[in-house]
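Undergrad: Residue numbers (this note's numbering), protein chains in the order written: chain A, 53 to 183; chain B, 53 to 182. For each residue, glycine too, the CB sits at the ideal point set by N, CA and C. Predicted model only: the values in this text are computed from it and were never measured. Take a look at the following structure, please.
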Amino acid sequence: MMASRMRSPLGRAIGLGSAKDGVDHWWAQRITAIALVPLSLWFVASVISLVGADIESVQNWVGLPLPAILLMLLLIALFYHVSLGLQVVIEDYVHTELAKIGLIIAVRLLSFGFAVAGIFAVLSIALGSTS
Amino acid sequence: MRSADRPLSPHLQIYRWQLTSVLSVLHRATGVALSAGTILLVWWLVAAASGPEAYEGVQDFLGSWIGLLLLFGWTVSLFYHLCNGIRHLVWDTGHALDLESTYVGGWIVVGATATLTLVAWIAGIARWVS
């Protein structure tokens, strides 16, 4: 069989096969990348139009439905992409098991934390709970 | 074969610098830099939600020389990572993987990064003085 010939001697001896979830990370990185192309271009253009604006103008802009929705989508795609990308960098350069796993966990938790902080800020402006 | 007898591939310092490898390293470096830059984005949003005092803090920082320098570096990094990311997505489809295409694509990415950065900053400065 083709499958058994493709295996390494160690792989044959252990006989577990692949974990079958190896492509999830790859796919998620691509999908978030595709989402970030239009979202980040839109964001840069928006920031340029807000140069020199006071806080009221910024709040008015963030509170509009389309910017609010796009900002939250940007935050989700961005921090998902960040956590996946930094994970690969850590896996490539950090070879102490404890430090590697600790850093990956820290990156995951911080990414979730910053994403939630950003989304909460957008929602609180959009839903008018800002004084 | 003992491991000492095995041929070693040349290490990173031995290789001559070439466009393809430099751009590959830069993709990673800008990715890490942009990850740090996301903190600025969240700070800006949270400050805008918190009120005038907090927002003034962000504005003062971004208007300072360090702030402007960070913003400029962040703009270059973003446009580079974006353009080279699209180059990677093209490669993912199995296209443009031959040697000549990797160089042509690489120079296109360099040119597009410079153009987009220039356009963004000219537009931003024009907005600032008006």
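So what does DSSP say about residue 139 of chain A, is it helix, strand or coil?
TA: The answer is helix: DSSP assigns residue 139 of chain A an H, G or I state.
Undergrad: Exposed or buried, which one is residue 127 of chain B when buried takes at least 16 other CB atoms within 10 Å?
TA: So residue 127 of chain B counts as buried.
Undergrad: Leaving aside the five residues before and after residue 137 of chain A along the sequence, list all residues of the same chain whose C-beta is less than 6 Å from its C-beta, in chain order.
TA: Hits under 6 Å: none found.
Undergrad: Distance check for residue 131 of chain B and residue 62 of chain A, CA to CA, integer angstroms please.
TA: Answer to the nearest angstrom: the Cα atoms are 44 Å apart.
Undergrad: Taking DSSP as the reference, what is the three-state secondary structure of residue 152 of chain A?
TA: Note: residue 152 of chain A maps to helix in three-state DSSP.
Undergrad: Are any of the Cβ atoms in chain B nearer than 8 Å to that of residue 82 of chain A?
TA: Chain B contact via Cβ: present.
Undergrad: At 9 Å on the CB atoms, spell out the chain B contacts of residue 211 of chain A, in chain order.
TA: The structure shown has nothing for residue 211 of chain A, since chain A only spans 53 to 183.
Undergrad: Between residue 134 of chain B and residue 92 of chain A, which are expected to be in contact by the criterion C-beta below 8 Å, what is the C-beta distance as a whole number of angstroms?
TA: Right, their Cβ atoms sit about 6 Å apart.
Undergrad: With a 10 Å radius around its C-beta and 16 neighbouring C-beta atoms as the bar for buried, classify residue 121 of chain B as buried or exposed.
TA: That one is exposed.
Undergrad: Tell me, please, whether the CB atom of residue 83 of chain B is closer than 8 Å to any CB atom in chain E?
TA: Among the chains of the structure shown, chain E does not appear; the protein chains present are A and B.
Undergrad: Quick one: residues in its chain with C-beta nearer than 7 Å to the C-beta of residue 156 of chain A, no 5 flanking neighbours on either side, listed in chain order?
TA: 139, 142, listed in sequence order.
Undergrad: Let me confirm a value: residue 53 of chain A is counted as buried when at least 16 other C-beta atoms fall within 10 Å, else exposed. Which label applies?
TA: Low confidence applies to residue 53 of chain A: its pLDDT is 46, below 50, so where it sits in the model is not reliable enough to give any reading.
Undergrad: Would you mind stating whether residue 136 of chain B and residue 161 of chain B have Cβ atoms separated by less than 8 Å?
TA: A contact, by the Cβ cut-off of 8 Å.
Undergrad: I'd like the span of the alpha helix (DSSP H) that includes residue 148 of chain B, first residue to last.
TA: Careful: residue 148 of chain B lies outside any alpha helix (DSSP H) and carries neither H nor E.
Undergrad: When burial is assigned at 16 or more other CB atoms within 10 Å of the CB, is residue 161 of chain A buried or exposed?
TA: Under this definition residue 161 of chain A is an exposed residue.
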